[in-house]
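A short worksheet on the structure shown next.
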Amino acid sequence: VLSVSARPVDTSGGLRGAVAVFHDITDRKRVETELRGFAGVVAHDLKAPLTLVSAYGELVTEALDDLAAGAGAPTLEQARKGTAKVLHGAARMQRLITELLDYTAARDATLRVERLSMRALVDDVVVTRTDAPDHQAVSRPDVFVGPLPDVYADPVLLRQVIDNLVGNAIKYTPPGQPPRIDITARTDEDGGVRVRIADRGIGIPDGEHAAVFDSFHRASNGTAHPGTGLGLAICRRIVERHGGHIDAGPNPGGGTIFAFTLPGSVAYGPEPVEAPVLD
Ligand code: ADP
5 VLSVSARPVD TSGGLRGAVA VFHDITDRKR VETELRGFAG VVAHDLKAPL
55 TLVSAYGELV TEALDDLAAG AGAPTLEQAR KGTAKVLHGA ARMQRLITEL
105 LDYTAARDAT LRVERLSMRA LVDDVVVTRT DAPDHQAVSR PDVFVGPLPD
155 VYADPVLLRQ VIDNLVGNAI KYTPPGQPPR IDITARTDED GGVRVRIADR
205 GIGIPDGEHA AVFDSFHRAS NGTAHPGTGL GLAICRRIVE RHGGHIDAGP
255 NPGGGTIFAF TLPGSVAYGP EPVEAPVLD
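For what it's worth, our numbering labels the leading residue of the sequence shown as 5, then goes sequentially.
Okay, here's the thing in structure tokens:
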């Protein structure tokens with residue numbers, strides 16, 4: 005954006021050059037987009053469950069008042085339904101608040117990079133995910149994990165990346181077919197590692213793959229599933245803070261492939277380090 009322009013002239017009024025000041029507003033634009041997205045999410049994803057929680061909270065209070073006054077009692081079925089709605093609403097709000105906090109933490113948390121076993125990390129995520137049956141996945145995911153090298157990364161943050169990607173692979177596979185996830189990796193000549201997480205789910209429409217990493221962005225075919233559009237933005241922040249990059253593309257067999265790279269030890273040195281906070 006051109007904010008100032010000047011036409012310096014000499015004493016006789018002759019033009020002697022031009023001065024123009026340009027500002028890069030990419031960052032400001034990004035913050036504005038984030039704030040708009042945040043306002044939308046608060047308005048929609050927090051307000052709706054909060055209204056539900058308040059309404060059912062009031063109903064339960066009224067029912068208890070009636071009970072105390074001896075004026076009939078709610079049936080067990082009604083009471084169960086009411087508390088289930090309250091818990092469901094609270095869980096939705098909790099999920100969103102956790103993701104918003106993760107999103108800021110992914111940018112601000114001190115990065116503690118160490119050499120770690122990618123294999124152990126992936127196994128742990130897969131076991132945690134497959135033991136907790138996802139309400140949308142009718143059958144347990146069928147996960148293939150290839151040989152995985154050690155990587156240099158922050159264990160807490162990298163776990164979050166893998167957890168988000170595996171979680172999405174399960175979430176975006178239609179019920180009725182067992183989610184199939186292939187996790188493989190290869191090491192570059194410079195010791196960097198590229199990890200691929202492929203699924204056979206609903207896929208992402210052509211032309212929309214890059215945008216899914218923007219905060220609050222959801223693909224046009226994915227909105228039937230609950231979500232905030234923050235998970236992949238968190239992944240991108242984390243991977244980029246490690247000096248790597250993440251992208252997505254169609255899986256030729258149907259579904260989506262997510263791939264991210266992590267630099268090798270040269271970027272950090274073999275000892276644990278606290279990497280600086282990057283913008
Ligand atoms: P959320 O799942 O909460 O919406 P994400 O940031 O994790 O947020 O994902 C952004 C969007 O990318 C999702 O809304 C969905 O449309 C799409 N997406 C992510 N992962 C997959 C996947 N494995 N298969 C198909 N679509 C996906």
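Just so you know, even glycine gets a beta-carbon here, dropped at the ideal spot from N, CA and C.
Is it right to say residue i is buried, meaning 16 or more other beta carbons lie within 10 angstroms of its own, or is it exposed?
i    : result
F148 : exposed
A202 : buried
E103 : buried
A141 : Residue placement at A141 is flagged as unreliable, the pLDDT there being 48, under the threshold of 50; a coordinate-derived value is accordingly withheld.
V131 : exposed
I238 : buried
N4   : There is simply no residue 4 to check, as the chain begins at 5 and stops at 283 in what is shown.
I187 : buried
P267 : buried
I242 : buried
L236 : buried
Is any heavy atom in ligand 1 found nearer than 8 Å to the beta carbon of residue i?
i    : result
F42  : no
R163 : no
H229 : yes
A110 : no
T188 : no
D203 : yes
F148 : no
I166 : no
A95  : no
G226 : yes
I101 : no
Three-state secondary structure (DSSP) at residue i?
i    : result
S16  : coil
Y156 : strand
G293 : Here the chain has residues from 5 to 283 only, and residue 293 is not among them.
I201 : strand
F264 : strand
A252 : strand
A22  : coil
P53  : helix
T177 : coil
H246 : coil
Y60  : helix
Can you grab the Cα-Cα spacing for the pair residue i / residue j, in whole Å?
i    : j    : result
A77  : N255 : 56 Å
E62  : M97  : 18 Å
V129 : R32  : 36 Å
H229 : L169 : 15 Å
T191 : T260 : 21 Å
H139 : P153 : Note that H139 scores a pLDDT of 49, beneath 50, so its modelled location is shaky; the value from the coordinates is reported in the next line. The straight-line gap from Cα to Cα measures roughly 32 Å.
S121 : V155 : 7 Å
E212 : L105 : 26 Å
R240 : H249 : 7 Å
R184 : T265 : 22 Å
D158 : G195 : 17 Å
E118 : E244 : 16 Å
L161 : H246 : 10 Å
L282 : T114 : Any reading at L282 needs caution, since the residue's pLDDT is 49, under 50, leaving its predicted position unreliable; the model's value is listed next. So the two alpha carbons sit approximately 10 Å from each other.
L54  : A94  : 8 Å
A271 : R198 : 15 Å
Is the Cβ of residue i closer than 9 Å to any Cβ of chain D?
i    : result
R144 : Absent from the structure is chain D; it holds one protein chain and no more.
Using a threshold of 8 Å, is the CB atom of residue i nearer than that to any non-hydrogen atom of ligand 2?
i    : result
L105 : This structure does not include ligand 2; its bound ligands are ligand 1.
Which whole runs of the beta strand (DSSP E) in the segment 65-150 are 3 residues long or more, in chain order? 115-121, 146-149
Uninterrupted beta strand (DSSP E) stretches inside the segment 184-239 (no shorter than 3 residues): 184-191, 197-203
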